[in-house]
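Numbering (the numbering used here), first residue to last: 2 to 312.
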């Protein structure tokens, strides 16, 4: 799943929006050296790789290094942007794209990825213009198509499903599946939502958006153990994923696991603050007896602030 505006707001104090991907700071950024003479500023590539490393995706940093092979060219730029957008680093992606030379920046592939970054960043008009330009030169541009789907979702356009399906067909698989899964969840089709999120995990076992949304679906289906394990997987990848921690408070409280719920509340406070809305809701929740019969917490999947909700 940077972040996309919340598409579906929670309907009760027990419900929180799905987060596509939380950025987690870690120590030890690799020192990078890029050669000059490519399509862009080597410093921008170094910054992008550093952003991936800081976000906890050292493996992706290594992929960028391998793709760039010491110099920044158009192929390297496209690979770097795709990896950064997968991790919701849309602002870093825009900064990187802005430092490419004119010829590379104007290529349909880069233009499509920039349109997607703009959409995820909330610049809907800019995303539309960039996407239409890319599609005018490459009618099968998956990133440009996804950018339009993302904007349609944020604006409540009924064409969103058609656009998301087209983006999937055109090769922008992960973000398109995320959006299709969220749309399925909203219409109550849990089987379809699960299928889309599961395919995302099969493609990338570390995809925080997919893991989180699978946890939400499991909770909606009353599968406590599966939901709990999935939230813990999210936290293993992104320890500061506050929505997962909040949902664990609600989930464990729902079955009367008071001590564990208290543990998750403590951890939630550590990564947010006493004044955070989720902390206040969690405290209020723990002050009440668990529901009977037990009901798992629901955190409806939403699209992140870089695409499908992220904050």
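Note that the Cβ used here is the ideal one computed from N, Cα and C, for glycine as well.
Burial state of residue i, where buried means 16 or more other Cβ atoms lie within 10 Å
i, result
"residue 253", "buried"
"residue 235", "buried"
"residue 163", "exposed"
"residue 271", "exposed"
"residue 260", "exposed"
"residue 309", "Reliability of the predicted coordinates at residue 309 is poor, the pLDDT of 44 falling under 50, and the value obtained from them is presented with this limitation in mind. Its Cβ being crowded by 16 or more others within 10 Å, residue 309 is buried."
"residue 281", "exposed"
"residue 226", "exposed"
"residue 220", "buried"
"residue 24", "Its pLDDT being 26, under 50, residue 24 is placed unreliably in this model, and the coordinates cannot settle the point."
"residue 290", "exposed"
"residue 274", "exposed"
"residue 159", "exposed"
"residue 292", "exposed"
"residue 47", "buried"
"residue 99", "exposed"
"residue 250", "buried"
"residue 103", "exposed"
"residue 31", "Any reading at residue 31 must be qualified, since the residue scores a pLDDT of 28, below 50, and its modelled position is unreliable; the value itself is stated next. Residue 31 comes out exposed."
"residue 279", "buried"
"residue 276", "exposed"
Anticipated Cβ contact below 8 Å, residue i with residue j, distance rounded
i, j, result
"residue 53", "residue 78", "Incorrect: roughly 14 Å between the Cβ atoms, too far for contact."
"residue 145", "residue 153", "Actually they are not in contact, since the Cβ atoms of residue 145 and residue 153 sit about 13 Å apart, beyond 8 Å."
"residue 269", "residue 283", "6 Å"
"residue 109", "residue 61", "Rounded, the Cβ-Cβ distance is 23 Å, inconsistent with contact."
Nearest candidate by alpha-carbon position, reference residue i, set the options
i, options, result
"residue 265", "117, 232, 208 and 127", "232"
"residue 84", "161, 174, 123 and 151", "174"
"residue 256", "276, 229 and 267", "229"
"residue 106", "134, 125 and 55", "134"
"residue 223", "169, 112, 287 and 191", "191"
"residue 130", "140, 141, 112 and 211", "112"
"residue 120", "176, 141, 65 and 74", "176"
"residue 97", "263, 199, 65 and 124", "65"
Beta-carbon spacing of residue i, residue j below 8 Å
i, j, result
"residue 197", "residue 178", "yes"
"residue 207", "residue 238", "yes"
"residue 148", "residue 165", "no"
"residue 94", "residue 118", "yes"
"residue 122", "residue 91", "yes"
"residue 76", "residue 67", "no"
"residue 195", "residue 215", "yes"
"residue 171", "residue 137", "no"
"residue 217", "residue 242", "no"
"residue 184", "residue 169", "no"
"residue 87", "residue 56", "no"
"residue 213", "residue 245", "yes"
Residue i: CB within 7 Å of a non-hydrogen atom of the ligand ZN
i, result
"residue 65", "Because no ligand of any kind appears in the structure shown, any question about the ligand ZN cannot be addressed here."
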